[in-house]
Amino acid sequence: MEKCVSASSSPYPSPPPPPPEIKHVVDSAESTPKEGFFSSLIQSHTNFDSLWKNSISVDALSCSMARLCFTATPPSIPPNCSTALCCHCSAQFLQHHTSSTLQDVKAQFISVAQMPRQQLGKPEVMEKIFSQLKDHICDLMMDQHCDLSILVIFQASTVHQMTRILHLVIQNQHKLKEVCMHNHGSLVFQKLLEHLKTPDQISAAVFAVKRICVRLSKNINGGHVIHHCLKLFSPALTTFIIDEVAENCVEIATDKSGCSTLQKCLHHAKDNTMKRLIQEIVSHASLLTEHPFGNYAVQYVAKMKIPSVNAEIMLQLQGRYAQLSTNKHASNVVEHLLEFSEEKDAANIIQELMYTQNFLRIIQDPYGNYVVQRALQNCKGSVYKMLSTIILLNYPYLHTHPYGKRVLTFVQRRKNYEQRHI
436 MEKCVSASSS PYPSPPPPPP EIKHVVDSAE STPKEGFFSS LIQSHTNFDS
486 LWKNSISVDA LSCSMARLCF TATPPSIPPN CSTALCCHCS AQFLQHHTSS
536 TLQDVKAQFI SVAQMPRQQL GKPEVMEKIF SQLKDHICDL MMDQHCDLSI
586 LVIFQASTVH QMTRILHLVI QNQHKLKEVC MHNHGSLVFQ KLLEHLKTPD
636 QISAAVFAVK RICVRLSKNI NGGHVIHHCL KLFSPALTTF IIDEVAENCV
686 EIATDKSGCS TLQKCLHHAK DNTMKRLIQE IVSHASLLTE HPFGNYAVQY
736 VAKMKIPSVN AEIMLQLQGR YAQLSTNKHA SNVVEHLLEF SEEKDAANII
786 QELMYTQNFL RIIQDPYGNY VVQRALQNCK GSVYKMLSTI ILLNYPYLHT
836 HPYGKRVLTF VQRRKNYEQR HI
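Start counting the sequence shown at 436; every next residue gets the next number (the numbering used here).
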(Lines of atoms letter the chains of each structure in order from A and count residues from 1; the text may use other names and numbers.)
(Lines give C-alpha, C1' and ligand atoms only; values in the text may rest on other atoms or scores of the structure.)
Protein backbone atom coordinates (compact mmCIF):
# COMPACT_ATOMS: atom_id res chain seq x y z
CA MET A 1 0.00 0.00 0.00
CA GLU A 2 1.26 3.47 -0.84
CA LYS A 3 1.91 5.81 2.09
CA CYS A 4 1.55 9.02 0.12
CA VAL A 5 0.35 10.22 -3.26
CA SER A 6 1.95 12.94 -5.33
CA ALA A 7 0.10 16.22 -5.79
CA SER A 8 -0.22 15.55 -9.51
CA SER A 9 -2.23 12.35 -8.94
CA SER A 10 -4.47 13.61 -6.11
CA PRO A 11 -7.27 16.19 -6.21
CA TYR A 12 -6.16 17.44 -2.78
CA PRO A 13 -3.03 19.35 -1.71
CA SER A 14 -0.09 17.21 -0.67
CA PRO A 15 -0.60 16.26 2.99
CA PRO A 16 1.97 17.08 5.65
CA PRO A 17 3.89 14.24 7.33
CA PRO A 18 1.73 12.21 9.72
CA PRO A 19 1.97 12.99 13.44
CA PRO A 20 4.22 10.63 15.44
CA GLU A 21 1.30 9.15 17.37
CA ILE A 22 -0.33 7.69 14.23
CA LYS A 23 2.75 7.10 12.05
CA HIS A 24 3.25 3.59 13.47
CA VAL A 25 -0.31 2.62 12.45
CA VAL A 26 0.22 3.68 8.84
CA ASP A 27 3.66 2.06 8.63
CA SER A 28 2.24 -1.26 9.81
CA ALA A 29 -0.26 -1.53 6.93
CA GLU A 30 2.06 -3.49 4.66
CA SER A 31 3.31 -5.98 7.24
CA THR A 32 0.20 -6.51 9.41
CA PRO A 33 -2.62 -8.84 8.29
CA LYS A 34 -5.77 -6.93 7.47
CA GLU A 35 -7.64 -8.27 10.53
CA GLY A 36 -4.81 -7.20 12.82
CA PHE A 37 -4.47 -3.84 11.13
CA PHE A 38 -8.17 -3.17 11.49
CA SER A 39 -8.09 -4.14 15.14
CA SER A 40 -5.07 -1.93 15.79
CA LEU A 41 -6.94 1.03 14.32
CA ILE A 42 -9.94 0.38 16.56
CA GLN A 43 -8.06 -0.46 19.72
CA SER A 44 -5.60 2.43 19.53
CA HIS A 45 -8.49 4.96 19.76
CA THR A 46 -6.70 7.02 17.14
CA ASN A 47 -8.44 10.17 15.95
CA PHE A 48 -9.52 9.03 12.48
CA ASP A 49 -10.28 12.57 11.33
CA SER A 50 -6.69 13.45 12.09
CA LEU A 51 -5.46 10.39 10.24
CA TRP A 52 -7.62 11.35 7.25
CA LYS A 53 -6.52 15.00 7.10
CA ASN A 54 -2.86 14.67 7.95
CA SER A 55 -1.45 11.50 6.50
CA ILE A 56 -3.23 9.84 3.58
CA SER A 57 -5.08 11.32 0.61
CA VAL A 58 -8.41 10.15 -0.81
CA ASP A 59 -6.77 8.63 -3.88
CA ALA A 60 -4.64 6.33 -1.74
CA LEU A 61 -7.53 5.13 0.37
CA SER A 62 -10.74 5.41 -1.63
CA CYS A 63 -10.57 1.83 -2.87
CA SER A 64 -7.72 -0.12 -1.30
CA MET A 65 -8.17 1.06 2.30
CA ALA A 66 -11.93 0.58 2.11
CA ARG A 67 -11.46 -3.00 0.94
CA LEU A 68 -8.77 -3.57 3.61
CA CYS A 69 -11.07 -2.40 6.38
CA PHE A 70 -14.35 -3.95 5.30
CA THR A 71 -13.07 -7.42 4.45
CA ALA A 72 -11.95 -7.76 8.07
CA THR A 73 -14.30 -8.98 10.77
CA PRO A 74 -13.27 -7.37 14.08
CA PRO A 75 -14.54 -8.96 17.29
CA SER A 76 -16.16 -5.74 18.47
CA ILE A 77 -16.70 -2.25 17.12
CA PRO A 78 -17.09 0.80 19.38
CA PRO A 79 -20.39 2.73 19.23
CA ASN A 80 -18.70 5.65 17.42
CA CYS A 81 -17.43 3.40 14.60
CA SER A 82 -19.42 5.41 12.04
CA THR A 83 -16.48 7.80 12.04
CA ALA A 84 -14.08 5.00 11.09
CA LEU A 85 -11.73 5.65 8.22
CA CYS A 86 -13.56 3.53 5.64
CA CYS A 87 -16.96 5.05 6.46
CA HIS A 88 -15.49 8.55 6.49
CA CYS A 89 -13.85 7.86 3.15
CA SER A 90 -17.07 6.77 1.48
CA ALA A 91 -19.16 9.54 3.02
CA GLN A 92 -16.66 12.25 2.10
CA PHE A 93 -16.35 10.81 -1.39
CA LEU A 94 -20.10 11.02 -1.94
CA GLN A 95 -20.45 14.41 -0.29
CA HIS A 96 -17.72 16.36 -2.05
CA HIS A 97 -17.69 14.87 -5.55
CA THR A 98 -20.33 15.83 -8.08
CA SER A 99 -19.91 13.65 -11.14
CA SER A 100 -21.67 14.21 -14.42
CA THR A 101 -19.94 11.94 -16.92
CA LEU A 102 -20.58 8.21 -16.98
CA GLN A 103 -16.92 7.38 -16.37
CA ASP A 104 -16.81 9.60 -13.27
CA VAL A 105 -19.96 8.04 -11.89
CA LYS A 106 -18.63 4.53 -12.52
CA ALA A 107 -15.41 5.32 -10.66
CA GLN A 108 -17.42 6.71 -7.76
CA PHE A 109 -19.92 3.88 -7.50
CA ILE A 110 -17.32 1.15 -7.15
CA SER A 111 -16.80 2.31 -3.54
CA VAL A 112 -20.52 2.21 -2.71
CA ALA A 113 -20.40 -1.57 -2.27
CA GLN A 114 -17.86 -1.06 0.55
CA MET A 115 -20.10 1.24 2.58
CA PRO A 116 -21.79 -0.21 5.69
CA ARG A 117 -25.58 -0.47 5.62
CA GLN A 118 -26.13 2.15 8.33
CA GLN A 119 -23.98 4.65 6.44
CA LEU A 120 -25.64 3.93 3.10
CA GLY A 121 -29.10 4.26 4.60
CA LYS A 122 -28.61 7.90 5.63
CA PRO A 123 -31.01 10.20 3.73
CA GLU A 124 -28.28 12.60 2.62
CA VAL A 125 -26.15 9.75 1.29
CA MET A 126 -29.07 8.20 -0.61
CA GLU A 127 -30.04 11.56 -2.09
CA LYS A 128 -26.50 12.00 -3.33
CA ILE A 129 -26.64 8.53 -4.86
CA PHE A 130 -29.95 9.28 -6.58
CA SER A 131 -28.55 12.48 -8.03
CA GLN A 132 -25.88 10.38 -9.72
CA LEU A 133 -28.19 7.51 -10.66
CA LYS A 134 -30.81 9.51 -12.51
CA ASP A 135 -28.89 9.75 -15.79
CA HIS A 136 -26.73 6.64 -15.64
CA ILE A 137 -28.49 3.83 -13.75
CA CYS A 138 -29.02 1.63 -16.81
CA ASP A 139 -25.38 1.95 -17.83
CA LEU A 140 -24.25 1.16 -14.28
CA MET A 141 -26.45 -1.96 -14.21
CA MET A 142 -24.61 -3.21 -17.30
CA ASP A 143 -21.13 -2.48 -15.92
CA GLN A 144 -19.39 -5.51 -14.44
CA HIS A 145 -17.60 -3.36 -11.87
CA CYS A 146 -20.65 -1.41 -10.70
CA ASP A 147 -23.41 -4.01 -10.72
CA LEU A 148 -22.52 -5.11 -7.17
CA SER A 149 -22.86 -1.53 -5.93
CA ILE A 150 -26.30 -1.30 -7.54
CA LEU A 151 -27.37 -4.48 -5.74
CA VAL A 152 -26.19 -2.99 -2.43
CA ILE A 153 -28.33 0.08 -3.13
CA PHE A 154 -31.36 -2.16 -3.79
CA GLN A 155 -30.86 -3.84 -0.43
CA ALA A 156 -30.50 -0.56 1.47
CA SER A 157 -33.43 1.24 -0.21
CA THR A 158 -36.81 1.87 1.34
CA VAL A 159 -40.04 1.10 -0.54
CA HIS A 160 -40.29 4.70 -1.71
CA GLN A 161 -36.67 4.70 -2.85
CA MET A 162 -37.23 1.45 -4.79
CA THR A 163 -40.15 3.11 -6.56
CA ARG A 164 -37.84 5.92 -7.63
CA ILE A 165 -35.19 3.45 -8.81
CA LEU A 166 -37.78 1.45 -10.76
CA HIS A 167 -39.01 4.59 -12.49
CA LEU A 168 -35.45 5.51 -13.50
CA VAL A 169 -34.91 2.05 -14.98
CA ILE A 170 -38.16 1.66 -16.94
CA GLN A 171 -38.74 5.24 -18.13
CA ASN A 172 -36.64 4.70 -21.27
CA GLN A 173 -37.95 1.69 -23.18
CA HIS A 174 -34.87 1.44 -25.40
CA LYS A 175 -32.51 1.49 -22.41
CA LEU A 176 -34.61 -1.05 -20.52
CA LYS A 177 -34.47 -3.41 -23.48
CA GLU A 178 -30.69 -2.97 -23.62
CA VAL A 179 -30.37 -3.76 -19.90
CA CYS A 180 -32.56 -6.87 -20.07
CA MET A 181 -30.59 -8.27 -23.01
CA HIS A 182 -27.19 -7.64 -21.41
CA ASN A 183 -25.24 -10.36 -19.58
CA HIS A 184 -24.82 -8.31 -16.38
CA GLY A 185 -27.80 -6.03 -16.81
CA SER A 186 -30.34 -8.85 -17.04
CA LEU A 187 -29.13 -10.32 -13.74
CA VAL A 188 -29.30 -6.95 -11.97
CA PHE A 189 -32.80 -6.29 -13.34
CA GLN A 190 -33.93 -9.69 -12.07
CA LYS A 191 -32.64 -8.70 -8.61
CA LEU A 192 -34.54 -5.43 -8.90
CA LEU A 193 -37.72 -7.41 -9.57
CA GLU A 194 -37.09 -9.42 -6.39
CA HIS A 195 -36.96 -6.21 -4.33
CA LEU A 196 -40.34 -4.89 -5.53
CA LYS A 197 -42.92 -5.02 -2.73
CA THR A 198 -46.02 -2.98 -3.58
CA PRO A 199 -48.69 -3.86 -6.18
CA ASP A 200 -48.01 -0.58 -7.99
CA GLN A 201 -44.30 -1.38 -8.30
CA ILE A 202 -44.96 -4.88 -9.59
CA SER A 203 -47.62 -3.72 -12.06
CA ALA A 204 -45.31 -1.02 -13.43
CA ALA A 205 -42.48 -3.53 -13.90
CA VAL A 206 -44.71 -6.14 -15.57
CA PHE A 207 -46.20 -3.67 -18.03
CA ALA A 208 -42.74 -2.33 -18.85
CA VAL A 209 -41.57 -5.87 -19.65
CA LYS A 210 -44.76 -6.58 -21.58
CA ARG A 211 -44.08 -3.70 -23.98
CA ILE A 212 -40.73 -5.20 -25.00
CA CYS A 213 -41.38 -8.90 -24.40
CA VAL A 214 -41.35 -9.91 -28.09
CA ARG A 215 -37.79 -8.66 -28.48
CA LEU A 216 -36.77 -10.04 -25.08
CA SER A 217 -38.22 -13.45 -25.94
CA LYS A 218 -35.82 -13.75 -28.85
CA ASN A 219 -32.76 -13.10 -26.69
CA ILE A 220 -31.31 -15.58 -24.22
CA ASN A 221 -30.85 -12.98 -21.44
CA GLY A 222 -34.19 -11.34 -22.18
CA GLY A 223 -35.84 -14.75 -21.97
CA HIS A 224 -34.43 -15.15 -18.46
CA VAL A 225 -36.04 -11.83 -17.46
CA ILE A 226 -39.44 -12.96 -18.76
CA HIS A 227 -39.09 -16.31 -17.00
CA HIS A 228 -38.21 -14.51 -13.75
CA CYS A 229 -41.38 -12.42 -14.03
CA LEU A 230 -43.44 -15.57 -14.58
CA LYS A 231 -41.92 -17.20 -11.47
CA LEU A 232 -42.11 -14.17 -9.17
CA PHE A 233 -45.49 -12.62 -9.88
CA SER A 234 -49.08 -13.81 -9.82
CA PRO A 235 -50.81 -15.22 -12.92
CA ALA A 236 -53.24 -12.29 -12.80
CA LEU A 237 -50.34 -9.99 -13.74
CA THR A 238 -48.18 -12.25 -15.88
CA THR A 239 -51.18 -12.97 -18.11
CA PHE A 240 -50.44 -9.67 -19.85
CA ILE A 241 -46.96 -10.90 -20.80
CA ILE A 242 -48.25 -14.29 -21.95
CA ASP A 243 -51.02 -12.67 -24.01
CA GLU A 244 -48.39 -10.61 -25.80
CA VAL A 245 -46.40 -13.77 -26.48
CA ALA A 246 -49.54 -15.47 -27.84
CA GLU A 247 -50.21 -12.47 -30.08
CA ASN A 248 -46.77 -12.97 -31.64
CA CYS A 249 -46.69 -16.75 -31.35
CA VAL A 250 -45.20 -17.63 -34.76
CA GLU A 251 -42.49 -14.96 -34.59
CA ILE A 252 -41.38 -16.13 -31.15
CA ALA A 253 -41.78 -19.88 -31.72
CA THR A 254 -39.61 -19.81 -34.85
CA ASP A 255 -36.70 -18.16 -33.03
CA LYS A 256 -33.89 -20.13 -31.39
CA SER A 257 -34.30 -18.44 -27.99
CA GLY A 258 -37.96 -17.64 -28.49
CA CYS A 259 -39.03 -21.29 -28.69
CA SER A 260 -37.60 -21.83 -25.20
CA THR A 261 -39.36 -18.74 -23.83
CA LEU A 262 -42.64 -19.90 -25.36
CA GLN A 263 -42.39 -23.25 -23.58
CA LYS A 264 -41.79 -21.49 -20.26
CA CYS A 265 -44.89 -19.38 -20.88
CA LEU A 266 -46.88 -22.57 -21.52
CA HIS A 267 -45.58 -24.00 -18.24
CA HIS A 268 -46.70 -20.99 -16.18
CA ALA A 269 -49.91 -20.08 -18.05
CA LYS A 270 -53.25 -20.69 -16.34
CA ASP A 271 -56.84 -21.15 -17.46
CA ASN A 272 -57.92 -18.91 -20.36
CA THR A 273 -54.42 -17.56 -20.89
CA MET A 274 -53.10 -21.08 -21.39
CA LYS A 275 -56.00 -21.95 -23.71
CA ARG A 276 -55.31 -18.94 -25.87
CA LEU A 277 -51.59 -19.69 -26.16
CA ILE A 278 -52.27 -23.35 -26.99
CA GLN A 279 -54.83 -22.36 -29.59
CA GLU A 280 -52.34 -20.06 -31.30
CA ILE A 281 -49.81 -22.89 -31.51
CA VAL A 282 -52.39 -25.39 -32.76
CA SER A 283 -53.70 -23.02 -35.42
CA HIS A 284 -50.16 -22.70 -36.81
CA ALA A 285 -49.17 -26.34 -36.25
CA SER A 286 -48.80 -27.05 -39.96
CA LEU A 287 -46.13 -24.35 -40.26
CA LEU A 288 -44.43 -24.90 -36.91
CA THR A 289 -44.15 -28.69 -37.21
CA GLU A 290 -41.53 -28.54 -39.97
CA HIS A 291 -39.62 -25.57 -38.55
CA PRO A 292 -36.22 -26.19 -36.87
CA PHE A 293 -37.36 -24.35 -33.72
CA GLY A 294 -41.13 -24.15 -34.07
CA ASN A 295 -41.50 -27.93 -33.83
CA TYR A 296 -40.53 -27.76 -30.14
CA ALA A 297 -43.66 -25.73 -29.37
CA VAL A 298 -45.89 -28.34 -31.03
CA GLN A 299 -44.05 -31.14 -29.21
CA TYR A 300 -44.58 -29.38 -25.87
CA VAL A 301 -48.31 -29.03 -26.50
CA ALA A 302 -48.57 -32.70 -27.56
CA LYS A 303 -46.86 -33.76 -24.31
CA MET A 304 -49.56 -31.97 -22.32
CA LYS A 305 -51.83 -34.92 -23.23
CA ILE A 306 -54.98 -32.92 -23.90
CA PRO A 307 -56.96 -35.29 -26.17
CA SER A 308 -59.00 -32.62 -27.96
CA VAL A 309 -55.88 -30.52 -28.61
CA ASN A 310 -53.85 -33.43 -29.99
CA ALA A 311 -56.79 -34.48 -32.16
CA GLU A 312 -56.92 -30.96 -33.60
CA ILE A 313 -53.18 -31.00 -34.37
CA MET A 314 -53.57 -34.38 -36.09
CA LEU A 315 -56.40 -33.01 -38.19
CA GLN A 316 -54.18 -30.17 -39.37
CA LEU A 317 -51.41 -32.59 -40.37
CA GLN A 318 -53.67 -35.22 -41.89
CA GLY A 319 -52.59 -36.47 -45.32
CA ARG A 320 -48.96 -35.41 -44.79
CA TYR A 321 -47.67 -37.96 -42.29
CA ALA A 322 -45.54 -39.86 -44.80
CA GLN A 323 -43.69 -36.69 -45.76
CA LEU A 324 -43.50 -35.40 -42.17
CA SER A 325 -42.09 -38.72 -40.90
CA THR A 326 -38.99 -38.33 -43.08
CA ASN A 327 -38.41 -34.72 -42.04
CA LYS A 328 -35.69 -34.15 -39.42
CA HIS A 329 -37.83 -31.77 -37.36
CA ALA A 330 -41.40 -32.86 -38.10
CA SER A 331 -40.66 -36.53 -37.36
CA ASN A 332 -40.28 -35.60 -33.68
CA VAL A 333 -43.77 -34.12 -33.68
CA VAL A 334 -45.22 -37.27 -35.29
CA GLU A 335 -43.51 -39.41 -32.62
CA HIS A 336 -44.99 -37.28 -29.84
CA LEU A 337 -48.46 -37.48 -31.33
CA LEU A 338 -48.18 -41.27 -31.48
CA GLU A 339 -46.99 -41.47 -27.87
CA PHE A 340 -49.18 -38.90 -26.10
CA SER A 341 -52.50 -39.14 -27.97
CA GLU A 342 -55.51 -41.39 -27.53
CA GLU A 343 -55.06 -44.90 -28.95
CA LYS A 344 -57.75 -44.43 -31.60
CA ASP A 345 -56.19 -41.15 -32.76
CA ALA A 346 -52.71 -42.69 -32.95
CA ALA A 347 -54.21 -45.56 -34.99
CA ASN A 348 -55.33 -43.06 -37.64
CA ILE A 349 -51.73 -41.90 -38.12
CA ILE A 350 -50.46 -45.49 -38.29
CA GLN A 351 -53.03 -46.49 -40.89
CA GLU A 352 -52.13 -43.49 -43.05
CA LEU A 353 -48.46 -44.51 -42.90
CA MET A 354 -49.11 -48.19 -43.60
CA TYR A 355 -51.17 -47.58 -46.71
CA THR A 356 -48.87 -45.05 -48.31
CA GLN A 357 -46.92 -46.16 -51.36
CA ASN A 358 -43.69 -44.97 -49.72
CA PHE A 359 -43.98 -46.98 -46.49
CA LEU A 360 -40.83 -49.01 -47.24
CA ARG A 361 -38.94 -45.77 -47.82
CA ILE A 362 -40.17 -44.47 -44.45
CA ILE A 363 -38.87 -47.60 -42.69
CA GLN A 364 -35.47 -47.16 -44.38
CA ASP A 365 -35.29 -43.43 -43.64
CA PRO A 366 -32.85 -42.05 -40.97
CA TYR A 367 -35.79 -40.31 -39.25
CA GLY A 368 -38.74 -42.36 -40.49
CA ASN A 369 -37.50 -45.57 -38.88
CA TYR A 370 -37.89 -43.96 -35.44
CA VAL A 371 -41.48 -43.00 -36.29
CA VAL A 372 -42.28 -46.60 -37.26
CA GLN A 373 -40.68 -47.91 -34.05
CA ARG A 374 -42.78 -45.45 -32.03
CA ALA A 375 -45.86 -46.63 -33.90
CA LEU A 376 -45.08 -50.24 -32.98
CA GLN A 377 -44.74 -49.21 -29.32
CA ASN A 378 -48.09 -47.44 -29.21
CA CYS A 379 -50.52 -49.67 -31.06
CA LYS A 380 -52.35 -52.82 -30.05
CA GLY A 381 -54.60 -55.52 -31.39
CA SER A 382 -55.48 -55.57 -35.06
CA VAL A 383 -53.55 -52.38 -35.83
CA TYR A 384 -50.32 -53.85 -34.44
CA LYS A 385 -50.89 -57.17 -36.20
CA MET A 386 -51.38 -55.45 -39.55
CA LEU A 387 -48.37 -53.14 -39.09
CA SER A 388 -45.98 -55.92 -38.04
CA THR A 389 -47.17 -58.13 -40.92
CA ILE A 390 -46.41 -55.45 -43.51
CA ILE A 391 -42.95 -54.93 -42.00
CA LEU A 392 -42.14 -58.66 -42.04
CA LEU A 393 -43.28 -58.93 -45.66
CA ASN A 394 -40.47 -56.50 -46.51
CA TYR A 395 -37.85 -58.63 -44.74
CA PRO A 396 -35.63 -59.01 -47.87
CA TYR A 397 -35.32 -55.21 -48.12
CA LEU A 398 -34.80 -54.58 -44.42
CA HIS A 399 -32.54 -57.19 -42.83
CA THR A 400 -29.36 -55.74 -44.39
CA HIS A 401 -30.41 -52.09 -44.39
CA PRO A 402 -28.77 -49.95 -41.63
CA TYR A 403 -32.10 -48.35 -40.60
CA GLY A 404 -34.55 -50.98 -41.81
CA LYS A 405 -33.00 -53.71 -39.67
CA ARG A 406 -33.67 -51.64 -36.54
CA VAL A 407 -37.41 -51.77 -37.22
CA LEU A 408 -37.22 -55.45 -38.13
CA THR A 409 -35.36 -56.25 -34.91
CA PHE A 410 -37.99 -54.36 -32.90
CA VAL A 411 -40.78 -56.46 -34.43
CA GLN A 412 -38.94 -59.74 -33.87
CA ARG A 413 -38.15 -58.91 -30.23
CA ARG A 414 -41.76 -58.09 -29.46
CA LYS A 415 -42.89 -61.27 -31.22
CA ASN A 416 -40.47 -63.36 -29.14
CA TYR A 417 -41.61 -61.60 -25.96
CA GLU A 418 -45.28 -62.35 -26.66
CA GLN A 419 -44.52 -66.01 -27.42
CA ARG A 420 -42.69 -66.43 -24.09
CA HIS A 421 -45.62 -64.95 -22.16
CA ILE A 422 -48.48 -66.83 -23.76
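We treat Cβ as the ideally placed atom computed from N, Cα and C, and that holds for glycine.
Please read all numbers here as calculations on a predicted model, not as lab measurements.
When you compare each of the options to residue i by their alpha carbons, which one comes out closest?
i, options, result
"H702", "Q596, V644, I661 and L568", "I661"
"D635", "F728, L672 and R646", "L672"
"K645", "K632, Q608, L622 and K699", "Q608"
"E562", "I600, Q625, Y852 and I748", "I600"
"F642", "S621, L665 and I826", "L665"
"H617", "E629, F589, I588 and L575", "L575"
"Q808", "K740, S817, Y838 and P670", "Y838"
"K691", "R796, L667, A732 and P670", "A732"
"K612", "P727, Q698, M577 and K740", "M577"
"L742", "L752, F728, H726 and S776", "Note on residue identity: the sequence assigns Pro, not Leu, to residue 742. Nearest of L752, F728, H726 and S776 to P742, Cα basis: S776."
"P833", "L795, N851 and T689", "Going by the sequence as given, residue 833 is Leu instead of Pro. Of the listed residues, the one whose Cα sits closest to L833 is L795."
"C581", "S592, H619, K610 and V560", "H619"
"T598", "K557, Q579, K569 and K610", "K569"
For the putative contact between residue i and residue j, defined by C-beta atoms under 8 angstroms, what is the C-beta separation to the nearest angstrom?
i, j, result
"N793", "H764", "Not confirmed; about 19 angstroms, so no contact."
"S652", "V680", "6 angstroms"
"H771", "K738", "6 angstroms"
"T791", "A757", "4 angstroms"
"G630", "F589", "Note on residue identity: the sequence assigns His, not Gly, to residue 630. Correct: roughly 5 angstroms between the Cβ atoms."
"M789", "M821", "7 angstroms"
"I572", "L603", "5 angstroms"
"N683", "V736", "N683 to V736, Cβ: 17 angstroms. No contact."
Checking 8 angstroms against the spacing of the C-beta atoms, do residue i and residue j come in under that value?
i, j, result
"E787", "N813", "no"
"D780", "A746", "yes"
"V717", "V744", "yes"
"V842", "I826", "yes"
"D800", "T761", "yes"
"D678", "T633", "no"
"A720", "L712", "no"
"T674", "I687", "no"
"L627", "L667", "no"
"C615", "G657", "yes"
"N829", "I785", "no"
"H663", "Q698", "no"
"T689", "H726", "yes"
Would DSSP call residue i helix, strand or coil?
i, result
"D800", "coil"
"I704", "Ile is not the amino acid found at residue 704; the sequence shown has Ala there. Three-state result, A704: coil."
"Q751", "helix"
"N767", "helix"
"K691", "coil"
"T824", "helix"
"F565", "helix"
"K779", "helix"
"S592", "coil"
"S669", "coil"
"L877", "Nothing can be reported for residue 877, as the shown portion of the chain is limited to 436 through 857."
"T791", "coil"
"I605", "helix"
"F728", "coil"
"H571", "helix"
"D678", "helix"
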